[in-house]
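Numbering (this note's numbering), first residue to last: 1 to 141.
Right, dumping it as structure tokens:
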């Protein structure tokens, strides 16, 4: 069994895959931010977009979490849902705190109105999509 055909190729491909999976497109952004080569405006835009992403994920996972009922999923699945909701909520608050600490915005309301923020309105298509996702996830009975 030790001399399976293709074993060396498989090990080589696995090693290459591991190296590739450790590199993400965000690495260049993280390096630039760490090196201080991003302007204040670029940093503001980056944190604003990350805040928007986490806020959206928090809404989606929060909606799914509302649809969970007693004994419909194993406790481990419910725990993972609750961890995801908590993590997204925490990240969203940390990004908002960074925006406030750097005085890029004066209040949370300003984050919603700023062009680098989500610019969501109650009539926007994004809000409607999120509302439908939350409604659909809560009605799986």
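Cβ coordinates follow ideal geometry from the N, Cα and C atoms, glycine included.
Residue i vs residue j beta-carbon contact at 8 Å
i, j, result
"residue 6", "residue 48", "no"
"residue 33", "residue 46", "yes"
is_contact[residue i, chain B] using C-beta, thresh 8 Å
i, result
"residue 81", "The structure shown contains no chain B; it holds only a single protein chain."
Close-in-space but distant-in-sequence residues of the same chain around residue i (CB under 6 Å, 5 per side omitted)
i, result
"residue 55", "92"
"residue 57", "88"
"residue 130", "59"
"residue 107", "none"
C-alpha gap between residue i and residue j, whole angstroms
i, j, result
"residue 80", "residue 35", "35 Å"
"residue 103", "residue 67", "37 Å"
"residue 19", "residue 9", "15 Å"
"residue 22", "residue 77", "27 Å"
"residue 109", "residue 72", "37 Å"
"residue 113", "residue 101", "18 Å"
Exposure label - residue i; buried when at least 16 CB within 10 Å
i, result
"residue 88", "buried"
"residue 14", "exposed"
"residue 52", "buried"
"residue 99", "buried"
"residue 111", "buried"
"residue 105", "buried"
Beta-carbon proximity list for residue i, same chain, < 8 Å, skipping 5 on both sides
i, result
"residue 61", "81, 84, 85 and 88"
"residue 70", "none"
Neighbourhood of residue i by C-beta distance below 7 Å, restricted to the same chain and skipping five residues each side
i, result
"residue 133", "60 and 63"
"residue 97", "none"
Whole-angstrom C-beta distance between residue j and residue i, which should lie under 8 Å
i, j, result
"residue 50", "residue 95", "5 Å"
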